[in-house]
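Contents: one structure, followed by commentary.
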């Protein structure tokens, strides 16, 4: 398999670059495990994000948090609900995520909620 990486990596990074808006080099640096992802599952992963976060633009989120591609739809919904529960009512968790999408990759109860 190692001999195939020369032929498989550039096309995979190109597809990920188009999906996330991040340069290939940045993708490889920020989210190296994405190169192991089955690229044929990318449309389903993007659909999963759209279903879980219907008012947010996946490409904008992925520019800041490319690892959201590996999160399940349930995880994204749960993280958003946990974040909303952790902030005051007048604060929109969606707006927080729009500005800082990496919050959805956090364990909200462990890292966000005050002890």
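In my numbering, the protein residues as written are 29 to 143. We put the CB at the ideal spot given by N, CA and C, even for glycine.
Legend entry - CA-to-CA distance, residue 69 to residue 101, given in whole angstroms: Locating residue 101 in the chain shown gives position 73, where the first residue counts as 1. Locating residue 69 in the chain shown gives position 41, where the first residue counts as 1. If I take the Cα positions, the gap works out to 14 Å.
Inset, instruction - Please determine, among 116, 117 and 89, the residue with the shortest C-alpha to C-alpha distance to residue 131. - result: Against the chain shown, residue 131 aligns to sequence position 103. For residue 131, the closest C-alpha among the options 116, 117 and 89 is that of 89.
Inset, instruction - Look at the Cβ atom of residue 64, then the Cβ atom of residue 41, and state whether they are nearer than 8 Å. - result: Indexing the chain shown from 1 puts residue 64 at position 36. Indexing the chain shown from 1 puts residue 41 at position 13. Not in contact: residue 64 and residue 41 (Cβ atoms no closer than 8 Å).
Inset, instruction - Label residue 59 either buried or exposed according to how many other C-beta atoms from any shown protein chain fall within 10 Å of its C-beta, with 16 as the threshold for buried. - result: Locating residue 59 in the chain shown gives position 31, counting from the first residue. So residue 59 counts as buried.
Legend entry - C-alpha gap between residue 115 and residue 33, whole angstroms: Taking the chain shown and counting its residues from 1, the one referred to as residue 115 is at position 87. Taking the chain shown and counting its residues from 1, the one referred to as residue 33 is at position 5. Taking the straight line joining both Cα atoms gives about 44 Å.
Inset, instruction - Return the chain-ordered list of same chain residues with a C-beta closer than 7 Å to the C-beta of residue 110, the five sequence neighbours on each side being excluded. - result: Walking along the chain shown from the start, residue 110 turns up at place 82. Counting only Cβ-Cβ distances below 7 Å, and skipping sequence neighbours, we find 136 and 137.
Legend entry - Sub-8 Å separation of residue 91 and residue 50 beta-carbons: Walking along the chain shown from the start, residue 91 turns up at place 63. Walking along the chain shown from the start, residue 50 turns up at place 22. Yes, the Cβ-Cβ distance between residue 91 and residue 50 is below 8 Å.
Inset, instruction - Report buried or exposed for residue 82, applying the criterion of at least 16 other Cβ atoms within 10 angstroms of its Cβ. - result: Start at 1 with the first residue of the chain shown, and residue 82 comes out as number 54. Answer is exposed; the Cβ neighbour count stays below 16.
Inset, instruction - Indicate the three-state DSSP secondary structure (helix, strand or coil) for residue 128 in the structure shown. - result: The count along the chain shown starts at 1 and reaches residue 128 at position 100. Looking at residue 128 - three-state DSSP - the assignment turns out to be coil, as it is neither helix nor strand.
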